[in-house]
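These notes concern the structure reproduced below.
Numbering (our numbering), first residue to last: -9 to 218.
Set out below in structure tokens:
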């Protein structure tokens, strides 16, 4: 029986490069990538994955052109609102992690509406990381612990986990990065300390269910010893 990871982290990378290769505008690459993410979440659910955390927009992505940032904000808003019935039908619970206060008000409202509407769904927990960075997550946890006045000798990993944006979730078992890059790019740095890493040369827009099966087969071969 193949071991299925409970929690997958996804880097849907290479959308702009895919668009350039196809002679398309970079925004078309983002649209195709978003459509593929919806399919990927369904593949994961059908294979028994319980949690999917997907990188949607990083803290560093704010440095891109205003046109691209505005388009991505609209795309993410549509990803939430336009698919409410799909999330409900498939039993997907959606949550957004990241710096919500930096997001457009309409996107913030879409997040609240989607989280409330899907909060009782149990087939798949979909975390969308929007304006998220691993360093920000760690610093934010430290600041909140300090605010609470917790004595230093009472701070342990369990307490720290409870102050991260992924509080309440098991650590990721498998990190999948499409697009040929081989780095963590400031994503779930604390949480992925013992995650298995899988890097695919396929651009995210071309990533298929067969590619997911290849990643899962590789995960099945791994021996996870956690330093023991």
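The beta carbon of each residue, even a glycine, is placed where N, CA and C say it ideally should be.
Worksheet item: Is residue 117 helix, strand or coil when you go by DSSP?
Response: Three-state DSSP puts residue 117 in a strand.
Worksheet item: What's the C-alpha gap between residue 65 and residue 124?
Response: For residue 65 and residue 124, the distance between alpha carbons rounds to 23 Å.
Discussion item. Only counting the same chain, and skipping five residues up and downstream in sequence, which positions put a Cβ closer than 7 Å to that of residue 128?
Written reply: Hits under 7 Å: 179 and 180.
Worksheet item: DSSP state of residue 43, grouped into three classes?
Response: Residue state, collapsed to three classes: strand.
Item to complete: Verify whether the separation of the beta carbon atoms of residue 117 and residue 87 is less than 8 Å.
Response: Taking 8 Å as the Cβ cut-off, residue 117 and residue 87 qualify as a contacting pair.
Worksheet item: At a cut of 8 Å, does the stretch 16 to 25 reach the stretch 53 to 73 through at least three beta carbon pairs?
Response: Yes, since at least three Cβ pairs between the stretch 16 to 25 and the stretch 53 to 73 fall closer than 8 Å, the two stretches touch.
Fill in: Length of the line joining the Cα atoms of residue 207 and residue 163
If you take the alpha carbons of residue 207 and residue 163, they lie about 14 Å apart.
Discussion item. How far does the beta strand (DSSP E) with residue 136 in it extend, from its first residue to its last?
Written reply: For residue 136, no beta strand (DSSP E) encloses it; the enclosing alpha helix (DSSP H) starts and ends at 124 to 137.
Worksheet entry | CB contact flag (residue -4, residue 160, <8 Å) | In this structure, residue -4 places its C-beta atom within 8 Å of the C-beta atom of residue 160.
Fill in: Pairwise C-alpha distance: residue 187 and residue 135
Each residue's Cα considered, the two are about 30 Å apart.
Worksheet item: Is the CB-CB distance between residue 167 and residue 189 below 8 Å?
Response: Closer than 8 Å, so yes.
Worksheet entry | Candidates 82, 193, 70 and 200, of which the one nearest residue 113 by Cα | Of the listed residues, the one whose Cα sits closest to residue 113 is 82.
Practice prompt. Output yes or no for whether 8 Å exceeds the beta carbon distance between residue 154 and residue 183.
Written response: No; because the gap between Cβ atoms is not below 8 Å, this pair is not in contact.
Worksheet entry | Proximal residues to residue 150 (C-beta, below 8 Å), its chain only, five neighbours per side dropped | Correct list, in chain order: 131, 135 and 180.
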